[in-house]
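S.K.:
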Amino acid sequence: MRKVLIRTAVICATAAAAVAVTAFVVRRRRRINGRWARAGAVLKELEEQCATPVEKVKEVADAMTKEMHAGLESEDGSMLKMLISFVDRLPTGDERGLFYALDLGGTNFRVLRVQLGGKEGRVVNQQCEEVSIPQDLMVGGSDELFDFIASALANFVASEDEDFHLPNGKQRELGFTFSFPVKQTSIASGTLIKWTKGFNVNGTVGKDVVGELTRALQRQGIDMQVTALVNDTVGTLAGGIYDDNDVVAAIILGTGTNAAYVERADAIKKWQGPLPNSGEMVINMEWGNFRSSYLPTTDYDHALDAESLNPGQQIYEKLISGMYLGEIVRRVLLRLAVEAALFGDNVPPQLEVPFVLQTPVMSAMHHDTSADLKVVGAKMQDFLGISNSSFKARKLVVQVCDIVAKRGARLAAAGIIGILKKLGCDRPNMKRTVIAMDGGLYEHYTIFRESLLATLKEVLGEEASASVLVIMANDGSGIGASLLAASHSQYLED
Ligand code: GLC
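Listed below in structure tokens is the structure:
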């Protein structure tokens with residue numbers, strides 16, 4: 016009798032344990048299913064809010080054209096500054112001599128020397144050096160930043176070899192590519208309107224940037240004259256036209272984004288000076304500051320903007336450019352980690368660090384073609400401290416990258432279409448129209464580039480898009496700045 020009781024008790028206990036395990040498994044499965052359902056909902060919402068169907072692309076393009084007109088009309092007519100560059104003569108190919116260029120606009124700056132040989136010789140020789148800017152100098156004092164740059168330039172000049180010739184008695188001349196919004200007062204002077212792209216150097220806004228650089232060059236004992244101050248878009252346009260006469264505009268898609276194009280001088284209503292003989296003027300649009308109610312934005316974008324160094328500004332840039340795409344993805348992944356436990360029960364601490372996920376890493380994950388998405392796994396381990404991510408989670412990461420990158424690419428295409436419309440080059444049977452492009456985002460992020468080009472075709476149509484060419488103007492802005500230094504040389508009458 017006792018044996019029977021014990022056996023019954025054992026059976027009951029085993030059954031109870033089995034029921035408990037089953038209940039646990041069911042609960043766990045439900046919890047997991049619940050998590051995936053939540054993750055799916057977050058992704059769906061992102062997809063919907065970032066959607067850029069053709070109609071939307073057209074609306075954004077039209078808004079861009081409209082703002083271009085408004086910005087040309089009056090000084091504060093638009094959030095598009097439409098800055099007058101004072102470049103009314105673009106390179107002809109006749110430029111000769113030794114010129115320098117200094118390219119400041121991102122986390123690295125470059126110094127160049129270029130030996131120009133006229134129509135026959137073209138760019139006879141060039142040398143370039145790239146120096147990365149310590150993070151603290153990007154948000155420090157003006158003298159510290161400009162002294163750092165001038166000292167790198169001093170070392171560069173000191174290392175010159177005999178392939179580069181500066182005729183006796185002539186001063187070295189420099190084209191200064193300064194890739195921030197500047198209100199030019201002449202081809203070689205201008206005051207800084209504001210910093211962008213994570214820079215915020217004290218005491219520089221409203222100052223003449225050429226003055227700042229010239230004083231630093233003097234402190235370093237370098238005898239050099241800045242003969243052209245240009246935005247990187249303007250430099251790229253100059254470099255682009257030097258190679259191809261049909262270039263009408265230049266676009267930068269890198270850390271930041273911007274565009275410049277050749278405008279009819281009489282269309283610049285706010286222009287108060289004498290009309291240039293050429294009848295043309297290059298305009299630096301500063302399109303990164305474009306905004307419109309048509310732009311598809313999300314709570315991630317609003318939070319990114321609010322927490323940035325320049326809230327309320329550069330809204331278009333914050334949706335498109337290399338500085339921000341990875342950061343948007345990080346914000347989405349963080350929400351997925353918090354709300355859907357995408358990477359396990361605990362939120363990975365690294366994922367909470369702003370800007371820890373940079374766009375090149377996002378791009379590497381997005382382009383992962385391995386069957387088990389091992390690049391995604393490795394990058395998440397290396398940059399976000401997330402180990403053992405599930406395949407399903409990695410697939411989701413790729414989807415997030417896809418949504419964010421394609422929205423950026425399609426919006427960038429909308430901007431280009433806006434310019435083409437302004438120039439009347441968006442219709443079939445147009446003459447060959449070339450856009451000079453520069454910037455690491457466009458160059459290295461293949462899916463972004465392909466999506467941008469496909470959008471141009473989709474919106475302009477086969478026929479019109481056949482005459483529009485986007486060419487990579489690698490390093491165009493450096494060469495362009497030295498060409499403009501040459502065409503504005505103090506020795507031109509010699
Ligand atoms: C930022 C700057 C702009 C520059 C662009 C690309 O938008 O404000 O001047 O051209 O980045 O570097």
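Numbers 16 to 509, taken from our numbering, label the letters of the sequence shown in order.
Ideal Cβ placement from N, Cα and C applies to all residues, glycine included.
#1: Thinking C-alpha only, which one of Lys284, Arg279 and Ile267 is nearest Trp302?
#2: Look at the alpha carbon of Asn183 and the alpha carbon of Phe193, and state the distance between them as a whole number of angstroms.
#3: According to DSSP, is Val391 helix, strand or coil?
#4: When you compare each of Asn361, Met79, Pro291 and Ala501 to Gly400 by their alpha carbons, which one comes out closest?
#5: Can the beta-carbon of Val102 be found less than 8 Å from the beta-carbon of Asp261?
#6: Could you check which residue in Val371, Leu357, Lys421 and Ala393 has the C-alpha nearest to that of Arg50?
#7: Can you grab the Cα-Cα spacing for the pair Ser93 / Leu388, in whole Å?
#8: Got a sec: does ligand 1 put a non-hydrogen atom nearer than 7 Å to the Cβ of Asn215?
#9: Taking Leu456 and Ser336 to be in contact with their CB atoms under 8 Å, please state how far apart those CB atoms are, rounded to whole angstroms.
#10: Helix or strand or just coil, what does DSSP make of Cys65?
#11: Specify, as a first and last residue, the run of the alpha helix (DSSP H) that Cys143 falls within.
#12: According to the neighbour-count rule (16 or more other Cβ atoms, all chains shown, within 10 Å of its Cβ), is Arg442 buried or exposed?
#13: When every heavy atom of ligand 1 is checked, does at least one fall within less than 7 Å of the C-beta of Ser466?
#14: Identify every residue that forms a DSSP beta bridge with Gly250.
#15: Got a sec? Which residues, its chain only, sit under 8 Å from Asp162 by beta carbon, not counting five neighbours each side?
#16: Mapping DSSP to helix, strand and coil, what is Gln505?
#17: Can you find a heavy atom of ligand 1 that lies under 7 Å from the Cβ of Phe195?
#18: In whole angstroms, give me the CA-to-CA distance for Met153 and Leu119.
#19: Relative to the C-alpha of Ala420, which candidate in Leu228, Ile462 and Lys394 has its C-alpha closest?
#20: Could you pull out every residue in the same chain whose Cβ sits closer than 6 Å to the Cβ of Arg111, ignoring the five residues on either side in sequence?
#21: Quick one: Cα of Lys333 to Cα of Asp178, how far?
#22: Please state if the CB of Leu189 and the CB of Thr242 are separated by a distance shorter than 8 Å.
#23: Which whole-angstrom value is the C-beta distance of Leu87 and Ile283, which I expect to be below 8 Å?
#24: Within 10 Å of its beta-carbon, does Ile330 have 16 or more other beta-carbons around it, so buried, or fewer, so exposed?
#25: Quick check: the Cα distance between Met239 and Gly327, rounded to an integer number of angstroms?
#26: Taking three-plus beta-carbon pairs below 8 Å as touching, is the stretch 424-436 in contact with the stretch 402-415?
#27: Quick check on this structure: which residue in Ala169, Gly155 and Gly136 has the alpha carbon closest to the alpha carbon of Val146?
#28: Could you give the distance in angstroms between the alpha-carbon of Ala424 and the alpha-carbon of Ala66?
#29: Tell me whether Glu332, by its Cβ, gets closer than 7 Å to a heavy atom of ligand 1.
#30: Okay, do the stretch 374-392 and the stretch 465-473 touch, 3+ Cβ pairs below 8 Å being the bar?
#31: Would Ala265 and Ala275 qualify as a contact pair, given that the criterion is a beta-carbon distance under 8 Å?
M.R.: From the atom records:
#1: Ile267
#2: Looking at the backbone, the Cα of Asn183 and that of Phe193 are separated by about 29 Å.
#3: helix
#4: Asn361
#5: no
#6: Leu357
#7: 45 Å
#8: no
#9: 6 Å
#10: coil
#11: Element bounds for Cys143: not the alpha helix (DSSP H) but the beta strand (DSSP E), Val138 to Ser147.
#12: exposed
#13: no
#14: Gly250 pairs with nothing; no bridge assigned.
#15: Counting only Cβ-Cβ distances below 8 Å, and skipping sequence neighbours, we find Ala231, Arg234 and Gln235.
#16: coil
#17: Yes, since a heavy atom of ligand 1 falls inside the 7 Å radius drawn around the Cβ of Phe195.
#18: One Cα belongs to Met153, the other to Leu119, and the distance between them is close to 11 Å.
#19: Answer by Cα proximity: Ile462.
#20: Leu131 and Gly133
#21: 43 Å
#22: yes
#23: 5 Å
#24: buried
#25: Rounded to whole angstroms, the gap between the alpha carbons of Met239 and Gly327 is 38 Å.
#26: no
#27: Ala169
#28: 12 Å
#29: Using a cutoff of 7 Å, the CB of Glu332 counts as near ligand 1, since one of the ligand's heavy atoms is closer than that.
#30: Verdict: no, contact absent.
#31: Yes, Cβ-Cβ distance for Ala265 and Ala275 is below 8 Å.
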